[in-house]
Amino acid sequence: MTTLDAVLITGAVGALLFQVVDRLLTNRWWWWATTDVLPPPVHVLVPGALLAGASATSGGPRWWTATLAAAALVLGMRHSGLAPRAALNNRRATGSAGGVRVVCWNTQHWDESVDTEDFYAFLRRLDADIYLLQEHIYDAGVHAPPIPVDFRARLAREFPGYHVLVRGQFVTLSRFPAVATPDIGAPEVFRADLRIDSLPGSPVLSTYNVHLPVHVFLENPLRLGLYREIRERVLSRNRQLDRLIADVRDNECPALIAGDFNLSRSLGDIERLSAVAEDALRACRSLYPVSWHRGAAWLRWWRLDLAFTTRGARAEHYHFRDPQGLSDHAVQELVIDVRKDT
């Protein structure tokens, strides 16, 4: 066996071992969350390169390398960020003329660092029936509590005819009246039940406006207290996700769950939520949908913003819109078909 053979086989073993361990530890050990800093394509590029490299070897080493790398490639697809069914969506019409238009957006601290008039003009141009907005706050730094703000009066002027619902950092604007805003016990989730009175039977749609905490920081790994803070944030987000899933499971109304989930390798959370709801990605036309970071192209690898529907609600159209420099997050735009409560 040559040195190249040994390097390639070792690499293939390592790539497969990483994917196996990842399946075992994701959402089970808080420290493993630090691997979320890996750009999602790494999960297919590394085993793909090893698979290609197998052609440079011969005999037994070639087949061992190819087999191990292929297995790692198959497992890595789940975290690659790729959406293969987008090819099918591009061959057929999507969207529903009679559906409910929804916008979901992390505003990046509202209008704190952008022109206020441009900010509200952009929101109005989105012309949605329902807006789920996060970060109705000003920034006090990564490790400090945010500064509360209250722009309900301005929102009422900018969006006449809309119902303005605010809870902490969350703003839900709706052309439809709210029948309830129950507290689900998760401070980073705002539920609002809306009576969709423009549809036959006037169904109630439960909207879950979500902004889970950032759990991994791209900063000095030697900083005192960094890993303690990561552990606390991972445990906090998991507790809130558990409460969200439990509430969706017990909710008999059609529901939309959308927002900034602040995760880079999202499948662990997607699998948990998929037990009670359907990922709106099924209606997306992008082969590699990303939502962050819109301000720096070299960081544009991750889909941190997610949307799910359940029961009588179904996403018929889903895509990400450029925020035009107003936020580091893209805007999620959906058309939702809502049927009467089941």
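Under the numbering used here, think of the first position of the sequence shown as 5, with each following residue one higher. A virtual CB, placed ideally from N, CA and C, is assigned to each residue, including glycine. As the structure is a computational prediction, the values presented were derived from the model and not from experiment.
Nearest neighbour of residue i, chosen from the options [CA to CA]
i, options, result
"residue 214", "75, 48, 173 and 55", "173"
"residue 85", "157, 288, 317 and 320", "288"
"residue 128", "207, 143, 165 and 154", "165"
"residue 57", "71, 151, 266 and 221", "71"
"residue 116", "157, 79, 280 and 152", "152"
"residue 103", "35, 336, 319 and 307", "319"
"residue 307", "41, 23, 5 and 27", "41"
"residue 35", "234, 276, 120 and 256", "234"
"residue 135", "157, 144, 93 and 180", "180"
"residue 340", "326, 334 and 317", "317"
"residue 265", "89, 5 and 108", "108"
"residue 2", "43, 27 and 37", "No statement about residue 2 is possible, as the shown extent of the chain runs from 5 to 346 and does not include it."
Reduced DSSP secondary structure (H/G/I, E/B, other) of residue i
i, result
"residue 244", "helix"
"residue 327", "coil"
"residue 164", "coil"
"residue 113", "coil"
"residue 46", "helix"
"residue 59", "helix"
"residue 65", "helix"
"residue 334", "coil"
"residue 340", "strand"
"residue 76", "helix"
"residue 297", "coil"
"residue 318", "strand"
"residue 347", "The question about residue 347 has no answer here: the residues shown for the chain are numbered 5 through 346."
"residue 304", "coil"
"residue 146", "coil"
"residue 277", "helix"
"residue 141", "strand"
"residue 188", "coil"
"residue 238", "helix"
"residue 252", "helix"
"residue 152", "strand"
Span separating the alpha-carbon of residue i from that of residue j
i, j, result
"residue 310", "residue 338", "11 Å"
"residue 15", "residue 65", "12 Å"
"residue 33", "residue 193", "23 Å"
"residue 229", "residue 315", "43 Å"
"residue 123", "residue 217", "24 Å"
"residue 212", "residue 68", "48 Å"
"residue 21", "residue 8", "20 Å"
"residue 100", "residue 133", "With a pLDDT of 49 at residue 100, under the threshold of 50, the modelled position of that residue is not reliable, and no figure is offered here."
"residue 342", "residue 245", "24 Å"
"residue 150", "residue 141", "6 Å"
"residue 160", "residue 175", "12 Å"
"residue 278", "residue 148", "33 Å"
"residue 31", "residue 247", "15 Å"
"residue 226", "residue 238", "19 Å"
"residue 80", "residue 51", "8 Å"
"residue 209", "residue 251", "14 Å"
"residue 202", "residue 146", "42 Å"
"residue 1", "residue 257", "The requested residue 1 does not occur in the structure, where the chain is confined to residues 5 to 346."
"residue 196", "residue 182", "7 Å"
"residue 255", "residue 249", "10 Å"
"residue 4", "residue 324", "The structure shown does not extend to residue 4, since the chain spans only 5 to 346, so no value can be given for it."
"residue 120", "residue 25", "47 Å"
"residue 137", "residue 335", "10 Å"
"residue 89", "residue 63", "37 Å"
Unbroken beta strand (DSSP E) run spanning residue i, endpoints
i, result
"residue 212", "208–215"
"residue 263", "259–264"
"residue 129", "Where residue 129 is concerned, there is no enclosing beta strand (DSSP E), although the alpha helix (DSSP H) it sits in stretches over 120–130."
"residue 287", "Unbroken run through residue 287: none, as it is neither H nor E."
"residue 195", "193–199"
"residue 183", "182–184"
"residue 174", "174–178"
Chain-order list of residues whose beta-carbon lies under 8 Å from that of residue i (same chain, five-residue window excluded)
i, result
"residue 171", "185 and 194"
"residue 243", "190"
"residue 274", "283 and 310"
"residue 330", "111, 112, 118, 122, 123 and 126"
"residue 87", "285, 288, 290, 291, 292 and 293"
"residue 281", "252, 259, 261, 312, 313 and 314"
"residue 114", "123, 139, 140, 141, 142, 153 and 155"
Nonlocal neighbours in the same chain, by C-beta distance under 7 Å from residue i, ignoring five residues either side
i, result
"residue 332", "112, 296, 297, 298 and 299"
"residue 206", "199 and 200"
"residue 328", "126"
"residue 240", "217"
"residue 54", "12, 15, 16, 19, 69 and 73"
"residue 61", "8, 9, 12 and 69"
"residue 45", "84, 85 and 305"
"residue 48", "77, 80, 81 and 84"
Own chain partners of residue i with C-beta closer than 6 Å, once the 5 adjacent residues on each side are dropped
i, result
"residue 322", "284, 287, 288 and 338"
Start and end residues, alpha helix (DSSP H) containing residue i
i, result
"residue 37", "Here residue 37 belongs to no alpha helix (DSSP H), and DSSP marks it neither H nor E."
"residue 23", "7–29"
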